[in-house]
Amino acid sequence: MQTRRRRGAVRSLLATALALGLAAVTTGTAQAATPAAARTANAVTGAGATADCSGSVSVYGALADGRLTYSQIDPSNGDRVKTLVGPDLGFVPKALATLNFNTVLATDSAGTLYRIDIRTNNLSLALLNAPVAIGTGWTHDKLTYDGHGHLYGTAGGVLLQYLVSQPKPAGSQHIGQRVEIGTGFVLKTLTATGDDRLLANTSDGRLLEYRIDGAGGWSSRLLAAANWSGFDRLVSPGGGLYYGVTAAGGMYWYQDVNPTDGSGADIVYHNDDPVDLSGWTQTVLSAEPETATCAGRDFAYVLPAGAVPRTELDDPHHDYAAIDIQVPVGTPVYAITRGTVGYIDGGFGNGITLTGSDGTTYIYGHLDSRGVAAGSTVSPGQYLGESGNTGQSTGPHLHVEIRIGGVKHCPQPLLLALYDGTTPPAPNTLPTSGCSY
1 MQTRRRRGAV
11 RSLLATALAL
21 GLAAVTTGTA
31 QAATPAAART
41 ANAVTGAGAT
51 ADCSGSVSVY
61 GALADGRLTY
71 SQIDPSNGDR
81 VKTLVGPDLG
91 FVPKALATLN
101 FNTVLATDSA
111 GTLYRIDIRT
121 NNLSLALLNA
131 PVAIGTGWTH
141 DKLTYDGHGH
151 LYGTAGGVLL
161 QYLVSQPKPA
171 GSQHIGQRVE
181 IGTGFVLKTL
191 TATGDDRLLA
201 NTSDGRLLEY
211 RIDGAGGWSS
221 RLLAAANWSG
231 FDRLVSPGGG
241 LYYGVTAAGG
251 MYWYQDVNPT
261 DGSGADIVYH
271 NDDPVDLSGW
281 TQTVLSAEPE
291 TATCAGRDFA
301 YVLPAGAVPR
311 TELDDPHHDY
321 AAIDIQVPVG
331 TPVYAITRGT
341 VGYIDGGFGN
351 GITLTGSDGT
361 TYIYGHLDSR
371 GVAAGSTVSP
381 GQYLGESGNT
391 GQSTGPHLHV
401 EIRIGGVKHC
411 PQPLLLALYD
421 GTTPPAPNTL
431 PTSGCSY
């Protein structure tokens, strides 16, 4: 796989904040290598690090000294909005599960189950009262809540399911109907992604999805065969959004464009713009379930959002239907839509074609390097390679054109819409007379 140069702004943390684990977000610029945990053969790198997602991502956690934390993340761009450090819980949580905005379940090393009642997490993080012990014998190493009444946990490799009947359970009368789903669940992490849907990674690097049926049966799907072992914690607020924390404390975010298809081929990897490069020192994390929604997308912008100003796209270009975008050699280039990859050479140098299911062909010219294999299928926003100055080129730039039935259509209105985040026009409505505006 070709080297991916990290671009765009990422958040830096204040030194004093690191002493507390996390603090309010500050804006900065930094450089970091993409973690091996998120580098896969079918990885989709986020174009401009944006997602068609709304809502909010709320993540509770606990530090090694027993203090509770709360973080809020914008699901549309991966920006951490805030982090608050709260009071000492009086114990160090072994497992954590968020039931709702104001209620968190936690266990300690002795197997006691506590209910933590949150009074506020707006400007400060405060508890309504001291954690309430509501059960014993909870020796689970992991807990997660699916937002639809089911609490899941693992203990000794056994996956267990419980029914939670109250938003603030007081004990076994509200957390019961224990079901042993199966054995052999030796997992590095466990999080719920939806109604009776679970996500986990393993120490050998696999990313797995589990689906539980009404009778307590289960099925699994392999989303990635390798390279996910680097995450010590995974959480999901639903909507196909996944957040992973590395041993170094960096948090990275991912969007499964179609989280119900049982495939990881359309996971968008936002490695070029992590939530944070470091600072996530919590020993356990738990996201409030079902708080983010995402829409699948048909098109994605072809460059990182900050690679060129809008005026570069809006300037007059060819008097025929194609556009040249002046960008430095080595700028990441992304798939504009889902399609099958082909190679085109000659005057295009290291050229790539994408052919959609409707027969529309998108051409990328003069790449410095290709990062996908001919014949492979890519998703919108997937990394294709890096811009260059190959073939019949008078300077570094990316050549883009669209052909439908052999007729060229100007991509300029489509690219401008994607840059602006507005609804893009259908390719067959684009002008054929040229891109000279």
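The numbering of the sequence shown is my numbering, which starts it at 1 and goes up by one.
No residue lacks a Cβ here, since even glycine has one placed at the ideal position from N, Cα and C.
query                                                                                                                                                          : result
Output the distance between the C-alpha atoms of T91 and W138, rounded to the nearest integer angstrom.                                                        : Just to set this straight, residue 91 is Phe in the shown sequence, not Thr. Whole-angstrom Cα-Cα distance: 15 Å.
If I follow the unbroken beta strand (DSSP E) through A133, where does it start and stop?                                                                      : 132-135
Starting from the Cα of A373, find the closest Cα among N350, S236, H366, G395 and give me that residue.                                                       : N350
Roughly how many angstroms separate the alpha carbons of G385 and D266, rounded to a whole number?                                                             : 17 Å
What would DSSP say about R67, mapped onto helix, strand or coil?                                                                                              : strand
Starting from E290, trace the beta strand (DSSP E) in both directions and tell me its first and last residue.                                                  : Here E290 belongs to no beta strand (DSSP E), and DSSP marks it neither H nor E.
Nearest to N129 by alpha carbon, out of N102, A110, S229?                                                                                                      : N102
Within the continuous beta strand (DSSP E) that includes T353, where are the two ends?                                                                         : 350-355
Would you mind working out which of E290, G111, T183 sits nearest G238, comparing C-alpha positions?                                                           : E290
Please state whether DSSP places Q166 in a helix, a strand or coil.                                                                                            : coil
Grab the span of the alpha helix (DSSP H) containing L313 for me, first residue to last.                                                                       : 310-314
What's the gap between the Cα of L222 and the Cα of V308?                                                                                                      : 38 Å
Any idea what DSSP makes of N428, helix, strand or coil?                                                                                                       : helix
Pull up the DSSP beta-bridge partners for L127, would you.                                                                                                     : I118
Whole angstroms is fine: what's the gap from G46's alpha carbon to Q173's?                                                                                     : Low per-residue confidence applies at G46: pLDDT is 38, beneath 50, and the placement is therefore not dependable, though the value from the model is reported in the following sentence. Looking at the two C-alpha atoms, the distance is approximately 45 Å.
So who's on the other strand from C53, going by DSSP bridges?                                                                                                  : C294
Among S278, D88, A292, T432, which has the Cα closest to the Cα of E401?                                                                                       : T432
Check whether the stretch 72-84 touches the stretch 55-62, taking contact to mean three or more Cβ pairs, one atom from each stretch, closer than 8 Å.         : yes
Looking only at its chain, what residues have a beta carbon closer than 8 Å to the beta carbon of G149, apart from the 5 residues adjacent to it on each side? : L163, V164, S165
Rank V235, D79, L84 by C-alpha distance to the C-alpha of R67 and give the top, closest one.                                                                   : L84
Do you know whose CA, among A295, S379, I323, D196, lies nearest S220's CA?                                                                                    : D196
Measuring alpha carbon to alpha carbon, tell me which of I134, S124, R119 ends up nearest A106.                                                                : I134
In chain order, which beta strand (DSSP E) runs of at least 3 residues are fully inside the stretch 136-197?                                                   : 142-145, 150-155, 158-164, 175-182, 191-194
Taking a contact to mean a Cβ-Cβ separation below 9 Å, would you say V245 touches A287 in this structure?                                                      : no
Taking all protein chains shown into account, decide if Y320 is buried (16 or more other Cβ within 10 angstroms of its Cβ) or exposed.                         : exposed
Using the Cβ count rule (16 or more neighbours within 10 Å means buried), how would you classify N428?                                                         : exposed
Can you find at least 3 beta carbon pairs, one from the stretch 375-390 and one from the stretch 404-424, that sit closer than 8 Å?                            : no
From the DSSP output, which residues share a beta bridge with V333?                                                                                            : G385
Can you tell me where the alpha helix (DSSP H) holding Y320 begins and where it ends?                                                                          : Counting along the chain, Y320 falls outside any alpha helix (DSSP H), and DSSP gives it neither H nor E.
Is T360 closer than 9 Å to T394 when the C-beta atoms are compared?                                                                                            : no
Taking only the alpha-carbon atoms, compute the straight-line gap between L367 and T202 and give it to the nearest angstrom.                                   : 37 Å
Who are the Cβ neighbours of I404 in its own chain at under 8 Å, not counting the five residues just before and after it?                                      : G359, T360, T361, P427, N428
Taking the alpha carbon of D261 as the reference point, which residue from G381, L208, V284, D146 has its own alpha carbon closest?                            : L208
In the structure shown, what three-state DSSP assignment does V25 receive?                                                                                     : Residue placement at V25 cannot be trusted, given a pLDDT of 33 that sits under 50; what the coordinates show is reported in the next sentence. V25: coil per DSSP, three-state reduction.
To which residues does DSSP link H399 through a beta bridge?                                                                                                   : D324, G365
If we count the other Cβ atoms within 10 Å of its Cβ and call it buried at 16 or more, is G21 buried or exposed?                                               : Its pLDDT being 35, under 50, G21 is placed unreliably by the model, and nothing is read from it.
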